[in-house]
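Using mature numbering (1 follows the signal peptide of the UniProt record, and there is no 0), the letters of the sequence shown correspond one by one to residues -28 to -1, 1 to 634.
Glycine included, each C-beta is placed from N, C-alpha and C at the ideal position.
All values derive from a computational prediction rather than experimental measurement.
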Amino acid sequence: MGRVSGVGIGIRASLAAALCVGMLAACSSDEAPQSDPAATCADVPNGTTAAAPPPGLNPAPPAGAPPTSQNLATNPEIATAYRSGMVPVDTASYAVSTANPISTRAACDVLRDGGTAADALIVAQTVLGIVEPQSSGIGGGAFLLYYDAEKNSVEAYDGREVAPMSATENYLRWISDADRTEPKPDARASGRSIGVPGVVRMLELAHREHGRNEWRELFDPAVSLADQGFEISPRMAGQIAASAPELAVDEESKAYFLNPDGSPKPAGTKLTNPALAKTLGAIASGGAEAFYTGAIAQSIVDSTANASGGRTPGHITLDDLANYQAKKRTALCTPYRDHEVCGMPNPSSGGTAVAATLGILENFDLSASGPTNLDANGGKPTAEAVHLISEAERLAYADRDKYVADSDFVPLPGNSVDTLLDDDYLKRRAELIDPGKSMGTAKPGDFGPVPLGVQPQDKEHGTSHISVADKYGNVASMTTTVESAFGSFHMTEGFVLNNQLTDFSAQPVGPDGAPLANRVEPGKRPRSSMAPTLVFSRGDDGTRGDVEFVTGSPGGSVIIQFVVKTLVGMLDWGMNPQQAVSGVDFGAANTPVTGVGGEHPNINAARDGADDPLIAQLRAMGHQVSVAPQSSGLSALQRVDAGWVGGADPRREGAVMGDGTG
Ligand code: GLU
């Protein structure tokens, strides 16, 4: 039986009725910690403070710390330390969470003044591109799930980068057919990794369909900020320090991020970005067309082709840019207990893998295996839960690794996502789980001869997540990325160019000689793991009820695990959004290693976790446990009778704001 419910119209959501115009909070410059339950657009949560971890526990690397093998192996974006004890933010009729308080406040102001979630996204994205350029910006791509309250429809927008039309299957692994060596200095930092950016076209499309404010006005906050300047945050400074040698190769990146003596600009340095102010001004007045054609497009072409510093040029053309299209997809909506969970379909594997994991977990009763000693930081997970969820993830990743890619090029088994998410199939997958012993590595399901081959994916990341609810009942969940931190390190016209094409497999065929689903092809979109997610209540007859939750995270292929642990926390264990987001990050891709985030104050990561009973129990069940710090950047919003409750990830600098309830 199929699980996928698509975008059918169900029970009309009552959120529109929650319109609450009497609650407008003035946006002043007063600052209050996130622990103030009556949050307003003016509140700046405890984004830059971090409690010292208790003695014996494993601290996250301090901001600016040089990367170490431990914090880079699984924690590629520099963590900013864990903000212990964060409490949820309550708002009345609208709420927004982004990875930076300046961006959250700007987006919140727009919501306060009557803007829609689509309007707020444009403000949040353009400001994030200034204050968090290591993670996202107009030179990158994004996926967006948008719930339109009036139509009761969930719409999926694909703003993923595409490979240039001249890209061959060897584009990332060889300089040319004649020179079969890797692009220099490596594929990621060469021009070859740069895909045609997608986020600007995607936001324009979303705005055309859901915006209320003038497109032009939505760029004002970012243009002013770029002109007037801002202070480099600790997290951004840490990432500049970690990437200084690579940033130094590109003249524009070097001039912007480094001091004249080549040292990285530290936290607190005031930065202005007049080039970006000009670019954003052009997009404000000329629309996305001003980005994809003309002078800005030419600069993207030139920067991609720039061979200075010995870099191998990429082959993006003006036609590649002019022809870029954001796509509307069918949202992937599946039942989970008495909820409907909607995620992003291909070319992201995020929605499919989250849905498959939940579909497997539905065969188990998780309600009694929630965390013990539940505190503001989400308590301590039980070994039983970590085991079951990690095993379900192994099975889901096994299928994802083999079958999921851009389905405009490579069809899914059975030509539909239903095959991988079929109830009976997932029940049979669930039966492969031994309650007492880890399977180590799962085999993908067998769907007959498919000439695809297995291909896992993992490396470093630069991404951000935005969750928004407006006062009209619309909600948006958008994950946005330049792929690795500072993307390809190429910068032009004030923005960073992505390295998204490294999400393709550089090898066109697997060890078995079969072509890989996620190989490079001209005009194809690289497989993603981004998993913006919306959750609705579900009637007994399967119809969609009210919006319940909005969530998502950065983290590369680990996003799937971050989102699953947050959903299970909220849906199965009744954790509030802050507890669910703050809770220990745990899970597994399809390897014998199970991650349990050692940055968390409730995990004793000293002596490689040897003294922590949870780690000991998991090891006894055969899990190879890694306690390396995890770098999620989750946010979550929950709809409640009084409005919204929100949580931001204590591992980053994010903040939730909205209108006060008091
Ligand atoms: N490029 C990655 C993806 O699309 C995201 C990277 C990250 O989350 O940091 O899955």
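- Within the same chain, Cβ atoms closer than 8 Å to the Cβ of residue 278 are found at 163, 222, 285 and 462, the five residues on either side in sequence being excluded.
- Here the segment 443 to 452 lies against the segment 493 to 509, with 3 or more beta-carbon pairs under 8 Å apart.
- A heavy atom of ligand 1 is found nearer than 7 Å to the CB of residue 528.
- Relative to the non-hydrogen atoms of ligand 1, the Cβ of residue 453 comes within a distance shorter than 7 Å of at least one.
- Contact check for residue 550 against residue 58 passes: the beta carbons are separated by less than 8 Å.
- Each of 588, 469 and 342 was checked against the Cα of residue 537, and the nearest Cα belongs to 342.
- Residue nearest to residue 625 within the set 177, 204 and 458 is 204 (criterion: CA-CA distance).
- Shown here, residue 458 sits in coil according to DSSP, grouped into three states, outside any helix or strand.
- For the pair residue 381 and residue 415, the Cα-to-Cα distance works out to about 24 Å.
- Counting C-beta pairs with one atom in each stretch, the segment 313 to 321 and the segment 368 to 386 have three or more that are closer than 8 Å, which means they touch.
- The segment 302 to 312 makes no contact with the segment 354 to 366; the number of CB pairs closer than 8 Å stays below 3.
- Assignment of residue 595 by DSSP, reduced to helix, strand and coil, places it in the coil class.
- Between the segment 510 to 519 and the segment 481 to 493, the count of C-beta pairs closer than 8 Å stays below three; the two stretches do not touch.
- By the Cβ rule, the segment 195 to 213 does not count as touching the segment 280 to 298, because fewer than three pairs are nearer than 8 Å.
- In this structure, ligand 1 has no non-hydrogen atom nearer than 7 Å to the beta-carbon of residue 563.
- Taking residue 259 as the centre and dropping the five residues before and after it, the same chain places the C-beta of 176 and 187 closer than 8 Å to its C-beta, in chain order.
- Counting only residues of its own chain and dropping the five nearest sequence neighbours on each side, residue 434 has a CB closer than 7 Å to the CB of 49, 106, 107, 453, 454, 455, 456, 457, 458 and 459.
- Closest in C-alpha terms to residue 85, from the list 400, 270, 190 and 371, comes 190.
- Of the candidates 336, 629, 83 and 142, 336 places its Cα closest to the Cα of residue 308.
- Per the coordinates, the alpha-carbon of residue 130 lies some 42 Å from the alpha-carbon of residue 584.
- Minimum Cα-Cα distance from residue 168 among the listed residues 74, 298, 104 and 195 corresponds to 298.
- Membership of residue 609 in the beta strand (DSSP E) is indicated by the continuous run 607 to 612.
- In this structure, DSSP gives residue 371 a helical state, which the three-state scheme calls helix.
- Annotated three-state conformation of residue 438 is strand, per DSSP.
- Annotation note: the segment 279 to 361 contains the following uninterrupted alpha helix (DSSP H) runs of length 4 or greater, listed N- to C-terminal: 290 to 294 and 322 to 333.
- Secondary structure at residue 167: coil, using DSSP grouped into helix, strand and coil.
- Out of 115, 229 and 166, the CA that lies nearest to the CA of residue 135 is found in 166.
- For residue 540, the three-state secondary structure derived from DSSP is helix.
- In the structure shown, residue 510 adopts extended strand secondary structure according to DSSP, grouped into three states.
- The alpha-carbon of residue 591 is positioned some 49 Å away from that of residue 272.
- Of all C-beta pairs linking the segment 386 to 400 to the segment 518 to 536, fewer than three are shorter than 8 Å, placing the two stretches out of contact.
- In the three-state reduction of the DSSP assignment, residue 88 falls in the coil class.
- Burial is judged here by how many other beta carbons sit within 10 angstroms of a residue's own beta carbon; residue 387 has fewer than 16 and is exposed.
- Of all C-beta pairs linking the segment 144 to 162 to the segment 228 to 236, fewer than three are shorter than 8 Å, placing the two stretches out of contact.
- Residue 620 carries a strand assignment under DSSP once its states are collapsed to helix, strand and coil.
- According to the DSSP secondary-structure assignment, residue 116 is paired through a beta bridge with 129 and 450.
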